[in-house]
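What follows is a set of notes on a single structure, which appears directly below.
Residue numbers (the UniProt record's numbering): 1 to 286.
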């Protein structure tokens, strides 16, 4: 490929890579902004509802313990554990890509002068270096092209003649096309991989239950409703009910029909069908 075309293609791919890196930065910022919002909501949720939830779960545990004792006394299977809160962690985005160091670009190096390029061409292409008459004719034609390019200040043609004769592109102004190609391919591979990771984590964060709850609470706030305050009121009602049920449970005779009915009531509420053993059936019929 003509050195000038190398430069143009490398510049095009470099611009394309920079655009992709800019897009990745926007995606990173979008994830971080959403993550901050969700974490802020999580903190507010725990501050406002954490103590009430802890009290509800403590009372549920106490009630379950009493129900297990009543079940053993009646010969019943122990009731199922009540539905527990799910503490789901937010998706954790891996660290950002560490981009490889680029090879030096032409602007960072001193390119040889046109005269120096012509001198190098003469050293490589001069007819006196021919090995046979046919080679001499070929060299004379190439040398004419080099002289014309020098006269026309045609740097690209001189570079092309030098590269065709074995000159390293890196010596023609520091542009090592192979090193640039490898660097670009590595960066493009990393960028595509990072984009897939970011897209997957953004979807996971947007669809996370905490994010969805935060959106519902935010929409309710827009309608003038404090959803967290409503949730807190519901939890306080649960605390009152569980406290009352514990009071009742502690006073129910262990081998009474009332105990069987009480156990069955909580089994249904916790999503388990009541099951009577033969001992319980005899107790009921008695």
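Beta carbons: idealized from backbone N, C-alpha and C, even for Gly.
Checklist entry - Cα-Cα, which of 266, 16, 211, 143 is closest to residue 39? => result In the chain shown, residue 39 corresponds to position 39, counting from 1. The candidate whose alpha carbon is nearest that of residue 39 is 211.
Checklist entry - When the Cα of residue 32 is compared with those of 198, 150, 243, 139, which residue comes out closest? => result In the chain shown, counting from the first residue as 1, residue 32 sits at position 32. Taking only the C-alpha atoms, the option nearest residue 32 is 198.
Next on the checklist: Using CA atoms only, rank isn't needed, just tell me which of 229, 213, 209, 187 is closest to residue 102.
Outcome noted: Sequence index remark: in the chain shown, residue 102 carries index 102 (1-based). The candidate whose alpha carbon is nearest that of residue 102 is 187.
Next on the checklist: Among the candidates 162, 57, 270, 73, whose CA atom is the shortest distance from the CA of residue 239?
Outcome noted: On the chain shown, residue 239 is found 239 positions in, with the first residue counted as 1. The shortest C-alpha separation from residue 239 is found at 57.
Checklist entry - Beta-carbon separation of residue 79 and residue 267 under 8 Å? => result As a working note, residue 79 is residue 79 in the chain shown. As a working note, residue 267 is residue 267 in the chain shown. Taking 8 Å as the Cβ cut-off, residue 79 and residue 267 qualify as a contacting pair.
Item to check | Which listed residue (81, 258, 149, 182) has its alpha carbon closest to that of residue 13 | outcome: Locating residue 13 in the chain shown gives position 13, where the first residue counts as 1. Ranking 81, 258, 149, 182 by CA distance to the CA of residue 13 puts 182 first.
Item to check | Through-space distance from residue 18 to residue 117, alpha-carbon basis | outcome: What you label residue 117 is simply residue 117 of the chain shown in a count that begins at 1. What you label residue 18 is simply residue 18 of the chain shown in a count that begins at 1. About 32 Å.
Checklist entry - Start and end of the alpha helix (DSSP H) containing residue 226? => result The residue given as residue 226 occupies position 226 in the chain shown. It is not in any alpha helix (DSSP H) - residue 226 carries neither H nor E in the DSSP assignment.
Checklist entry - On the three-state DSSP scale, how would you describe residue 207? => result Here the question's residue 207 lines up with position 207 in the chain shown. Here residue 207 sits in coil by DSSP.
Checklist entry - In whole angstroms, what separates the C-alpha of residue 10 from that of residue 179? => result Residue mapping note: residue 10 aligns to position 10 of the chain shown, counting from 1. Residue mapping note: residue 179 aligns to position 179 of the chain shown, counting from 1. Put simply, the backbone Cα of residue 10 is about 11 Å away from that of residue 179.
Checklist entry - Is it buried or exposed for residue 361, if we count other Cβ within 10 angstroms and need 16 for buried? => result Given that the chain is displayed from residue 1 to residue 286, the structure contains no residue 361 and the question cannot be resolved.
Next on the checklist: Three or more C-beta pairs under 8 Å: does that hold for the stretch 64-73 against the stretch 247-261?
Outcome noted: yes
Checklist entry - For residue 42, which residues of its own chain have a beta-carbon under 7 Å away from its beta-carbon, when the five flanking residues on both sides are left out? => result Numbered from 1 along the chain shown, position 42 holds the residue referred to as residue 42. Only 210 meet the Cβ criterion.
Checklist entry - How would you label residue 191, buried or exposed, when you count the other beta carbons within 10 angstroms and need 16 or more for buried? => result Taking the chain shown and counting its residues from 1, the one referred to as residue 191 is at position 191. Buried: at least 16 other Cβ atoms inside 10 Å.
Checklist entry - Once you ignore the five residues that flank residue 81 on each side, which residues in its own chain have a CB closer than 8 Å to its CB? => result Looking up residue 81 in the chain shown gives position 81. In the same chain as residue 81, and ignoring 5 residues on each side of it, the C-beta atoms closer than 8 Å to its own belong to 64, 270, in chain order.
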